[in-house]
Each structure stands twice: as C-alpha cells, then as structure tokens.
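In terms of the working numbering, the sequence shown opens at residue 2 and continues consecutively.
Structure record follows, encoded as structure tokens.
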Amino acid sequence: MELKNILTDRYKFSTITLYECKRGHVGETYILKTKNQKYFVKIVGSMFSGNMEKALPVLKELHEQGLKSINYPIPTRDDELGVFFGNKFLSIYNFIEGKNDFNYDFEEYSKLIALIHAKTSSVASKPKIEDFSLSFLEHFLSETQILAKGEFLNTYQKKLQKVFIDNQNWFMPKLKNLTALSSNLQKKKIELVITHGDAPGNIIHNDKGELFLIDWDDLLLAPRERDTWFNISNKNQATKFMRHYSKIFPKYKPDKELIDFYILRRFFSDFEEPVSKILSTDTSEKEKEINFNLLVEDCLGWLRPLLDQIPNALYFSSECNTN
2 MELKNILTDR YKFSTITLYE CKRGHVGETY ILKTKNQKYF VKIVGSMFSG NMEKALPVLK
62 ELHEQGLKSI NYPIPTRDDE LGVFFGNKFL SIYNFIEGKN DFNYDFEEYS KLIALIHAKT
122 SSVASKPKIE DFSLSFLEHF LSETQILAKG EFLNTYQKKL QKVFIDNQNW FMPKLKNLTA
182 LSSNLQKKKI ELVITHGDAP GNIIHNDKGE LFLIDWDDLL LAPRERDTWF NISNKNQATK
242 FMRHYSKIFP KYKPDKELID FYILRRFFSD FEEPVSKILS TDTSEKEKEI NFNLLVEDCL
302 GWLRPLLDQI PNALYFSSEC NTN
C-alpha cells in the first residue's frame, strides 16, 4: 500500500503532502503537511521497532502530564501510537520548528534532563530496561580478527587496518574492562529513571530560547548516568551541569562504574558500526570514506580522550560532588 494511502487510511488526515527528509541511520523520515499543520513521520524496519513501540506510550504520558519540551506521538484513528505495514513500523509526531545544533542554552538543557528523570515515578507505561548488554561484541571481535590477519587492496580498508594495528594495544585492554563492567553491573542494584541515551545532539531550539528533546527511539529505564555522562565527563561542562542538575537531585553523585561503562560502550559500539561498513563488500567507496572519517572524528577524536582521562576523571572531583 502506498505510504500516502496508509497515512490517510489509518490516521485522521484527508489531503496531505509528503516531503522526504534526510535518511537516518535506521529509518526513513518525512515531513507531512495538511492544510493547517505539519507533522514528522518516521519509518523503521520491524527489527528496530521493539524499543520504539515501548517508548511511544511513555512519550504520550509525559506530554499529557504537561512536559512540553519533548516530541510526542500522534494517535491513529483507532488510538494506536504506531502502524505496522509489511516489515516496517511507522509513527507520527508533532513537528517542532527550530534548529538542531549545539548552540542552545546549557542551563535549560541541564534542567530538562533532570526534569525528565524526575518524572519517572509518575509514568505508568514501562519502557525497555537497561540490561548492560554488549550487542556489538561478537561482531567486533570477529572484525578485529579480520583486521589483524587480512590483506587488503581497498584504500579505506588499508587505512582502517592501520588504525586498528596502531591502537590495538590501547583499546583491547579497554574492551576487557568493558566486558567486566557489563558483568558486574548486571548484578548491581541501581536506581533506574527514564533516559534518552543521546540527548546532547538531539535538541531542537528556537528563537524564543525554548528547547525540545527529540528522537526517543532508544528510550530506556536506566541509571541516570546513561544521560549524565556526556556532560559530567566534559571538563568545560561538568561543574555547570551538576550545579543545575542538583537543583532537582541535590544528593546525586555520579557512579564511577556507570560513567566508565557508558563511555566505553559508546566508544566500542560507535567503532564497530563504521568498521563493519568499511569491511563490507556491499558499500561504495564513498560510503567507506564517510564511515572512515566518522570513525576518526567520533571514536578517536571525541571518545578516546574521554577514555584516556577515566582514571582521574573530572566528574569525581570535589567540585562536582553536591552533597
């Protein structure tokens, strides 16, 4: 069934216009226009829909409770929050006008993260729970074997191999540390809150100074460090973030194991994805180039310095302890 027909058949729309947006990592996105309104449409493969389905009722509840700084799902004619068609899952959200960059008010951002965490006990819907798993690990280990022993002709595969060989004595012990943390944290009793998982890069802000947190596909009940590590591990943001966050949670102290776990898991999951695309025979030379640059900028440029500072991390200095 054509997408427009699905939208008008299942939702309370009649005449609509669709504009395709830039494709994301796992889905298709569109702007839907009616006579008087705009909406945001997201479509993902059914293999990615499970967590998304559980996130939608949480977003609906948060919106109904008056939290305006998030996007929220639009119900179907049958009051469902999404639609399966074929092997895909579709959901529609309110459209938020504004800019998606990092030039937003940091104080308002910090308060928003704290406010979302504080709403946890008021939400009846249950999203997926953090299990501290390492879903990428098997693929990553297989790829490291290929990089260690393979002979490559492709330019970006050879560059990737060099990056791996130059850094393997550094990051293989880190991987061992991560697997130990994963095992330990699965046994640990931890307070869980509603978390986004990648908030800093998913803020839309407008000319009024309003902030909106979007793209909740990976919403989890998880330790608050799943959201706070981004800012607590940043020497330019840690003190400011804790000052504002602690206005709602005055007794909060970052947990070292959790911060380390989330930085390490982000590094290796972000590393594995471009590695698999560079090694694949199904990706073009341009795609290989894009993924190699992403690996260098994201993993080695941003995340590796955070890993290097873990033993003496700033987020555990006295100025960040708010008790």
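In this text, a Cβ means the ideal position worked out from N, Cα and C, and glycines have one as well.
Inset, instruction - Count the other C-beta atoms from every protein chain shown that fall within 10 angstroms of the C-beta of Phe293, then say buried if there are 16 or more, exposed otherwise. - result: buried
Inset, instruction - Go ahead and label Asn324 buried or exposed: buried means 16 or more other beta carbons lie within 10 angstroms of its beta carbon, across all protein chains shown. - result: Note that Asn324 scores a pLDDT of 36, beneath 50, so its modelled location is shaky; the value from the coordinates is reported in the next line. When all chains shown are included, Asn324 counts as exposed.
Legend entry - Ile130 classed as buried or exposed, judged by whether at least 16 other C-beta atoms fall within 10 angstroms: exposed
Legend entry - Simplified DSSP state of Glu144, which is helix, strand or coil: helix
Inset, instruction - State the Cα-Cα distance for the pair Cys321 and Lys61, rounded to the nearest angstrom. - result: Only weak support exists for where Cys321 lies, its pLDDT of 46 falling under 50; the coordinates are left without a value.
Inset, instruction - Answer yes if the stretch 170–179 comes into contact with the stretch 193–202, meaning at least three C-beta pairs across the two stretches below 8 Å, and no otherwise. - result: no
Legend entry - Start-end ranges of the alpha helix (DSSP H) lying completely within the stretch 40–98, minimum 4 residues: 50–65
Inset, instruction - Give the range of the beta strand (DSSP E) segment to which Leu212 is assigned. - result: 212–214
Legend entry - Extent of the continuous beta strand (DSSP E) to which Lys34 belongs: 28–34
Legend entry - the stretch 152–160 contacting the stretch 273–288, beta-carbon criterion three pairs below 8 Å: yes
Inset, instruction - Pick out the complete beta strand (DSSP E) segments inside the stretch 174–222, 3 residues or longer, and give them in chain order. - result: 194–196, 204–206, 212–214
Inset, instruction - To the nearest angstrom, report how far apart Ser319 and Lys254 are at their CA atoms. - result: Caution applies to Ser319, whose pLDDT of 47 falls short of 50 and renders its modelled position unreliable; the model cannot decide the point.
Inset, instruction - Pull up the distance between the alpha-carbon of Leu222 and that of Ser92, whole angstroms please. - result: 21 Å
Legend entry - For Ile130, the three-state DSSP class (helix, strand or coil): strand
Legend entry - Whole-Å CB distance - Ile407 paired with Glu29, under 8 Å assumed: Outside the shown range of the chain, which is 2 to 324, sits residue 407, and nothing can be said about it.
Legend entry - Opening and closing residue of the alpha helix (DSSP H) in which Thr229 lies: 226–233
Inset, instruction - Inspect the CB distances between the stretch 162–175 and the stretch 86–104 and report whether three or more fall short of 8 Å. - result: no
Inset, instruction - Can you tell me which of Ser47, Thr18, Ile205 puts its alpha carbon nearest to the alpha carbon of Thr35? - result: Thr18
Legend entry - Residues of its chain near Ala56, where Cβ-Cβ distance is below 7 Å and the 5 sequence neighbours each way are ignored: Pro128, Trp217, Asp218, Leu220
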